[in-house]
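Chemist:
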Amino acid sequence: MVEIRIGDDERERAIAQLGRHVGAGRLDLAEFTERSERMAAARTRSELDAVRADLPHLPDPEREARVRRTVLAATWGPWAVTAVICLLIWTAVAVAGGGGYFWPVWVIGPWGALLALGTLTGARVFPCGGVRHGRTG
608 MVEIRIGDDE RERAIAQLGR HVGAGRLDLA EFTERSERMA AARTRSELDA VRADLPHLPD
668 PEREARVRRT VLAATWGPWA VTAVICLLIW TAVAVAGGGG YFWPVWVIGP WGALLALGTL
728 TGARVFPCGG VRHGRTG
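The numbering of the sequence shown is the numbering used here, which starts it at 608 and goes up by one.
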């Protein structure tokens with residue numbers, strides 16, 4: 608089996624994760640020092656995995672931030688497009704002299720309020736009717 612070689616950035620990320628385990632109380636400073644030295648000398652992914660095999664997986668903060676941005680774009684994008692279309696239609700009708708009542712509020716308002724509530728609380732409603740709590744997953 609071919610071993611996957613790693614670079615400096617992977618070693619640095621792994622050592623940073625060890626630091627987070629120290630902060631969580633899973634490792635003391637002596638263990639951190641010993642393990643970080645082994646990680647700095649690691650050449651393959653399996654060597655890194657052996658050093659952290661007894662530790663729980665920590666989520667990657669960079670990945671979580673990317674997922675959060677993607678979720679926000681997927682959530683708010685259709686609302687923004689719909690809002691622009693409704694506002695353009697209302698403006699065209701108003702300029703032509705036919706509109707005074709601001710009807711887009713009934714399209715933009717409730718939908719936007721629900722999206723804002725979901726964004727602020729971290730809850731997302733899925734098409735199947737279920738609700739999932741959590742900001743990124």
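Each residue gets a CB set at the ideal place from its N, CA and C atoms; glycine is no exception.
(1) How about W710 and W718: are their beta carbons less than 8 Å apart?
(2) R742 to E644, Cα distance in whole Å?
(3) Please name the residue or residues paired with R612 in a DSSP beta bridge.
(4) Does DSSP put H663 in a helix, a strand or coil?
(5) Suppose contacts are defined by Cβ-Cβ distances below 8 Å. Is S650 in contact with A621 by that definition?
(6) Going by beta-carbon coordinates alone, are R618 and A657 separated by less than 8 Å?
(7) Verify whether the separation of the beta carbon atoms of A690 and I715 is less than 8 Å.
(8) For a quick check, are the C-beta atoms of L636 and W683 less than 8 Å apart?
(9) Helix, strand or coil for G716? Go by DSSP, reduced to three states.
(10) Please report the straight-line C-alpha distance between G705 and A681, rounded to a whole angstrom.
(11) If you draw a straight line from the alpha carbon of L694 to that of W686, how long is it in whole angstroms?
(12) Considering only residues of the same chain and omitting the five flanking positions on each side of Q624, which have a CB-CB separation below 6 Å?
(13) Assuming A672 is part of the alpha helix (DSSP H), what are its boundary residues?
Modeler: Reading from the atomic positions:
(1) no
(2) Caution is warranted here: a pLDDT of 47 is assigned to R742, below 50, making its placement in the model unreliable, and no coordinate value can be reported.
(3) T651
(4) Reading the sequence as shown, one finds Pro at residue 663 and not His. Look at P663 here: in three-state DSSP terms it is coil, with no helix or strand label.
(5) In the sequence under discussion, the amino acid at residue 650 is Arg, which differs from the Ser named in the question. Cβ atoms of R650 and A621: not closer than 8 Å.
(6) no
(7) Yes.
(8) no
(9) helix
(10) Roughly 34 Å separates the two Cα atoms.
(11) 12 Å
(12) Leaving aside the five residues that flank Q624 on each side, the residues in its chain whose CB is nearer than 6 Å to its CB run, in chain order, L665.
(13) 668-702
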